[in-house]
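Novice:
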Amino acid sequence: MAKQISVFLENKAGRLSNVTRVLGNAQINIRALSIADTSDFGILRIIVSDPVKAYKILKEAGFTVSETQVIAVRVPDSPGGLADVLEQMAEENINIEYLYAFLGTTENDALVIFKVEDAEKAEMVFKKKDIKFIDENQLYTL
Numbered sequence: 000m001a002k003q004i005s006v007f008l009e010n011k012a013g014r015l016s017n018v019t020r021v022l023g024n025a026q027i028n029i030r031a032l033s034i035a036d037t038s039d040f041g042i043l044r045i046i047v048s049d050p051v052k053a054y055k056i057l058k059e060a061g062f063t064v065s066e067t068q069v070i071a072v073r074v075p076d077s078p079g080g081l082a083d084v085l086e087q088m089a090e091e092n093i094n095i096e097y098l099y100a101f102l103g104t105t106e107n108d109a110l111v112i113f114k115v116e117d118a119e120k121a122e123m124v125f126k127k128k129d130i131k132f133i134d135e136n137q138l139y140t141l
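Right, here's the structure in full:
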């Protein structure tokens, strides 16, 4: 499992750039991100090079921040690769709350971040079904 930082942002100009500047000034690299928004606010979900430090400095900068456990999975970068992984998860009744993909440095694989109801169960299923996932230290340094 890995740590994802979520930042709640007012939906107005400059808020996202403020977050990225705070992280950049602290020498924290953003590895992946996803933004979900409404008319009033957004949720920025990020994987960063140092989640403990990122959480602390964003809090100190006045942002509303939370930490969530997620799983980074290697998915074959070919037609149907994601479908295969999702079908295996469905067979084991693993509920996906959300996911997002990003580019990494893995050969022939895409990387997908999964937020699931039961991360420990998901990791056991991934091991049993030989679905490759990435440990947090490897993820933060991609």
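In numbering that gives the first Met the number 0, the protein residues as written are 0 to 141.
Each residue gets a CB set at the ideal place from its N, CA and C atoms; glycine is no exception.
This structure is a prediction, so every number in the text was calculated from the model and none was measured.
1) Whose C-alpha, out of 122, 67, 78 and 24, is nearest the C-alpha of residue 6?
2) Check each candidate in 131, 30 and 8 and name the one with the smallest Cα separation from residue 83.
3) I'd like the span of the beta strand (DSSP E) that includes residue 63, first residue to last.
4) Helix, strand or coil, according to DSSP, for residue 41 in the structure here?
5) Who are residue 97's beta bridge partners in DSSP?
6) Where does residue 16 sit, in a helix, a strand or coil, going by DSSP?
7) Could you tell me the distance, in whole angstroms, from the CA atom of residue 25 to the CA atom of residue 87?
8) What are the partner residues of residue 109, as DSSP defines its beta bridges?
Specialist: According to the data block:
1) 67
2) 131
3) 63-75
4) strand
5) 114
6) helix
7) 40 Å
8) 74
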